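Visitor: Throughout the sequence shown, residue numbering follows my numbering, covering 269 to 322 in sequence.
Got a structure here, written out as C-alpha cells. Questions coming.
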Amino acid sequence: MSMIQNLNAIKDNGIEEFIKAENEKWKCKSCGGVINVHKDICSTCGKQRNTESG
Ligand SMILES: [Zn+2]
269 MSMIQNLNAI KDNGIEEFIK AENEKWKCKS CGGVINVHKD ICSTCGKQRN
319 TESG
C-alpha cells in the first residue's frame, strides 16, 4: 500500500478505522500478540506473519 493510498484510506474511513486495520495487519493469527515489524515474527509466540497454514 502506498502513502497516497494510506492517506485516501484515512480520509475515507477515518483514522480510527485505519489504525484498526493496521493493528489487525500486525496481529498474530495464532496468539493475538503483536508482530515485530522488523523481524516479521510474533513477539509473543515467535510465529512468522505470512504463513499460509498452521
Ligand atoms: Zn503469536
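Glycine included, each C-beta is placed from N, C-alpha and C at the ideal position.
Computed from a predicted model, the values in this text were never measured in an experiment.
Cβ-heavy atom distance between residue 307 and ligand 1 below 7 Å?
Guide: No, Cβ of residue 307 sits at least 7 Å from all heavy atoms of ligand 1.
Visitor: Report the rounded CA-to-CA distance for residue 283 versus residue 271, giving the unit in angstroms.
Guide: In a straight line, the C-alpha of residue 283 is about 14 Å away from that of residue 271.
Visitor: Can you give me the C-alpha to C-alpha distance between residue 313 and residue 290, rounded to a whole angstrom?
Guide: So the two alpha carbons sit approximately 20 Å from each other.
Visitor: Return yes when at least one heavy atom of ligand 1 lies under 7 Å from the C-beta of residue 282, else no.
Guide: Outside the cutoff, so no.
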